[in-house]
């Protein structure tokens, strides 16, 4: 029995609120239950140094958590003077996930930075961030298309979304909340495209090692969940 | 004529949305027009080292701006590795303003940290932050009172709120938005209590120096505006 | 009764010692009683990036305190690895104050940096720094004038000086020393020009909030004091 | 055809040189072909703060690359003033992998730090590091056992080893060297125990997304390779 | 011919101004010609962690240069966020030099920190700093003796002073100023005690290597110069 | 009697293993007994900013110690976020020593960085590093010569090597190991060229000051030792 009373294959309520920022070229607040992430896309007319004169653009991401997004207040990273290892891991993952569905040459020599800031955390912040970041990126590209800068269909080749699955109380469950996450034996994050291709898999045994069969079960759950998320993304941008 | 069409003594629409955080002991999103600040209050059962065994508690604040809260994306302070001078100035101001209406002995050896994170900026983020921080602090104290830890009336001696005033296009105006702020000849921030006492005054000539008469005009505007803000705080917590 | 025996409207003895540095284009040691600040002006043939090709120059300031300028030794900021919030607040204030009386276009694409280093502190370091920085800036401009680079009268439009006032033992007093400063109920800093314009006002209630009347009293004290300081600046450069 | 002429399921030559450090309680240089990692285990009689008085110990890892371990010299992280995101990701992975086979309660309130420093890199540094770190950890525990501090069999529950697999030139290959790694379409790292349990899976699409079938192929390769590595570990400590 | 017209064995005019700080337990401004260093001694009733409960005290030093102490303004180390290698080298040297003449057990569990801040630089700042630091340390110990805390003669076993010598224009000269220092072929710093013992020798070939005979010549010059400096220290504290 | 049983003028066994790095243009592992340092030379086609368009190149060095190179594990400098004072002193010394035998104009506008990383420490790491760095530098220049970039004989004017000497148990001894180093009364490092010129001398009294005669004794020991080291370098590159 899950603490939330959800079924093993039942995700939390997922919503996207678009155009939440007056300034950003694309933005949304994505909610996976009590996990709320603000995603903004910022267009800059330049690329990183290593792409200068390559004709290619870049899509990157930064991730942050507000100090009291969590049950206990965490030290503000800006005050601590550096981003922790977990933050860096996550923002690198978000960037890679988005670039997997972007044609950087079609984008041209521009950079889009997606900022994913967790307003409230209840497990699964990185998967919510990726799923919402796609919406912000899409809206930024629409903004550019409206100004004749790109063709969205040329740049954005597919959807990308992510979900966590894990083994909690000996059962495979989808979309773990904080209570489940902190007690899970195995924790896995999956990033997939709209057409079902896999972009990233991260599986970690928190307690005892897991088997291939268990992992296959988690992936099956993820596949169904991500298909649902992609459907919701489609409705959100319709 | 103000860019927004407001009258010289007309503040933007101000709203407080309380209890926006599942985790924080007190929280609100305060909006002064398009300036939106998330304020959370976090209670810790400890004081800073210099107050150990003094019987006194502490109220402090931290301030941050999401990278794309502004028209152009700013570098994330956590990535830059330090908080800028402006950030530090503002968070020191918020902390002082709140402490001016708190009886630290009545609070006891506890620390309340108010995090003020600007989700969207359109001028006046520090004054919105102070005004909203008071709500978050109040709600945190109510939370403590419900658990028998303090008497709110003993700890929180008064309201505190803040507003900016300035000379824009040769006219004294209240609650400057970004367009006005960036073109103002004089910019002043006032922090006052519910009973009309002054807690902080900061006045800066951006262009040519200002006169005592001009400054008195700004203060008169501020006095009326802050009285309105305090009234709104009262309604918000009613 | 003030600890120093001074009258409420009596400043400490103020002196300027010019040309104290063999290297700097302008320099002075300013003393407000036991508060001693070394101010040096350094000319550089470049501007900050945001002013390139604008035809404008820049005047900026940095502030520091020697570790044992104070009663108890403070940690050296270079060893701590960052400048504290107070340091940043003060150096931003000094820079703004000086720029208020400088015509940056008449200066041309050059940068003058005023370093204000507190050799000994006894309250009022920021106001002494501003008052002395003006002398260093003036002397730097004279140095430039002697080389045909600028006309001092075109660049330096007015004097600027600063003084602190506060409410100590229920009385409004001028130019607080450390003993008064640490016990003051209200503390205010005023920066004004030679012609009486106000450049900066910062007023803070340390204990209970203050009234508009009290603040007006502090401003009146400041106005007289700053007029005296400007007179002393005139004599110093005569 | 692989650049090295290896077969798709052929790992590079793997060797362990034990006891390479005069000082460390356990140490080895592990080589996967031209990838050489020095692993040292350091015992400290203390635990991290969050485990004080818990009766539990801790095993952690740090990872570094000498500046010229790579084809082009990289900036020294100590000189840069921080560890990069990749470094932090890898050292967190090594620590988690080792803790998966350690009984922290049987270890008692001690900390073992495994330093993995890459002397020369040619792809697969993290998998070589994990595989060698196990040897260093084992030898440290033997050192402790010889002094009556622990029973190795109680603390170290199993072997752990790691290998990378990927899709290179449309073929699934094991143990990618740098040339393959930088051109691979998909890159995956697997960490498994001696009894075949999975500890960590990380799969990343570098170019186009991959399929479940492709991933299953990589995992099959990894399973065989890790079994070989565990066998080599057994011989190394025999 | 030396740029200053001095003879090869002629030091610059050396002066000590004692008691320049209202706050420090000991202080002096030492001048070697145009090189001016403010030395303050700060007493703290604690020792570094590694000496706790050892019965021993500690003497340490910090060194800094004001940004415009030099011909061209240097970046402020506090703003740069770290102390450079040269600064660290020098402050370690000053500390070692002073401890060579201090009986740390006779000092007892206290720490004296000598801050050496260069107000104006014209070569030889480290040797001036050591020579002046001894005066500040001495005066701090006298301050302590007056309060019954130590016996100066027990703690301070001897004088210590320092001088630079070098080969300039093929001649061995003493006490190089900046012009000589920047053109010297060989540069050496000597730290010696009042009784003629050597505490530190640092010799560096700036251009071509030097011979033992040349080095012996520099040491002979240094020996005479340091004897003079010690004599001046004796007069200064008389 | 020395702890190692060596005679007072007997160095430890010294070996050079060349070409230890697949990537670096020059490399060696130098061993002075149990002190092992990996030296790699990296060629870059650029110079530091201050040498641009000067026609001159640059040779510099960086130094690091692996965390468990020592008897007790030291904090990793990359994790600490800065290089300590000792590290900076040593790497500056290595760079100066190498440049003393290099004709930077003959090198041309290129930079060679020598990384000296201590794999295992037992005293004398800086002298081993200098001695081994010369080999790595030489081999890098040979690599360049093979590509027609330089003439080795034009660039590398002489050998350079280094040794420590000290007074241990009242006797002058050469090449101190850790046990001797930590108990020595005087510790000196000498850097000399193949033709006997002195490049650097650093002598420090750890306990009581030393005499000129004692220092002369140390230098005599060093001269013989360095001559031997240069002979070994010659054999190593033969």
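Protein chains in written order, with full-length UniProt numbering: chain A, 1 to 238; chain B, 1 to 238; chain C, 1 to 238; chain D, 1 to 238; chain E, 1 to 238; chain F, 1 to 238.
For glycine and all other residues, C-beta sits at the position ideal for the given N, C-alpha and C.
Computed from a predicted structure; not experimentally measured.
Contact between the stretch 159-166 of chain E and the stretch 60-79 of chain E is not established, with fewer than three Cβ pairs separated by less than 8 angstroms. Residue state for residue 166 of chain E is assigned as strand, using DSSP reduced to three classes.
Between residue 109 of chain F and residue 26 of chain F the beta-carbon gap is near 19 angstroms, outside 8 angstroms, which marks them as no contact. Membership of residue 36 of chain C in the beta strand (DSSP E) is indicated by the continuous run 35-44.
At the C-beta level, residue 145 of chain A and residue 166 of chain A stay beyond 8 angstroms of one another.
Listed along chain D, no residue sits closer than 7 angstroms to residue 184 of chain A by beta-carbon distance, the nearest being about 14 angstroms off. For the options F/213, F/32, F/225, the alpha carbon positioned closest to that of residue 220 of chain E is the one of F/213.
Under the 10 Å beta carbon count, residue 182 of chain A is surrounded by fewer than 16 other beta carbons and is classified as exposed.
For residue 199 of chain D, the CB contacts under 7 angstroms within the same chain, skipping 5 residues up- and downstream, are 97, 100, 160, 191, 192, 193 in chain order. For residue 83 of chain D, no beta strand (DSSP E) segment is defined, and its DSSP state is neither H nor E. Interface with chain C (8 angstroms Cβ-Cβ cutoff): residue 67 of chain E is included. The C-beta of residue 159 of chain B comes no closer than 8 angstroms to any C-beta of chain A. Per DSSP, the unbroken beta strand (DSSP E) holding residue 18 of chain D starts and ends at 14-18.
Shortest Cα-Cα distance from residue 188 of chain A to any of A/175, A/196, A/80 involves A/175. Here the C-alpha atom of residue 90 of chain C lies approximately 29 angstroms from the C-alpha atom of residue 171 of chain B.
Assigned with DSSP and collapsed to three states, residue 186 of chain F falls in strand.
For residue 82 of chain B, the nearest CB of chain A lies under 8 angstroms from its own CB, placing it at the interface with that chain. In the structure shown, residue 181 of chain A adopts helical secondary structure according to DSSP, grouped into three states.
Burial check for residue 5 of chain F: the Cβ neighbour count within 10 Å stays below 16, so the residue is exposed. Remark: fewer than three beta-carbon pairs, one from each stretch, lie closer than 8 angstroms, so the stretch 7-25 of chain F and the stretch 78-86 of chain F are not flagged as touching. In terms of Cβ geometry, residue 35 of chain D and residue 169 of chain D do not form a close pair [threshold 8 angstroms].
Taking 8 angstroms as the threshold, the shortest C-beta distance from residue 16 of chain C to chain B does not fall below it. Excluding residues up to 5 positions away in sequence, 188, 189 lie with their Cβ nearer than 7 angstroms to the Cβ of residue 202 of chain E in the same chain. Of all residues in the stretch 144-177 of chain A, none has a C-beta nearer than 8 angstroms to a C-beta of chain B. Linking residue 86 of chain D to residue 215 of chain A through their CA atoms gives a straight-line distance of about 25 angstroms.
DSSP, reduced to helix, strand and coil, places residue 119 of chain C within a strand of the structure shown. Between residue 150 of chain B and residue 107 of chain B, the CB-CB gap stays under 8 angstroms. Just so you know, the alpha carbons of residue 44 of chain C and residue 50 of chain C end up roughly 16 angstroms apart. Within its own chain, the residues whose Cβ lies closer than 7 angstroms to the Cβ of residue 103 of chain E, once the five positions on either side in sequence are excluded, are 154, 155, 157, listed in chain order. For residue 9 of chain D, no Cβ of chain F is located within less than 8 angstroms of the residue's own Cβ.
Residue 74 of chain D and residue 42 of chain A have their alpha carbons spaced roughly 30 angstroms apart. In terms of beta-carbon proximity, residue 31 of chain F stays away from the interface with chain E, with every pair separated by 8 angstroms or more. Ranking D/113, D/185, D/29 by CA distance to the CA of residue 58 of chain D puts D/113 first. By the CB criterion at 8 angstroms, residue 95 of chain D and residue 60 of chain D fall inside the cutoff.
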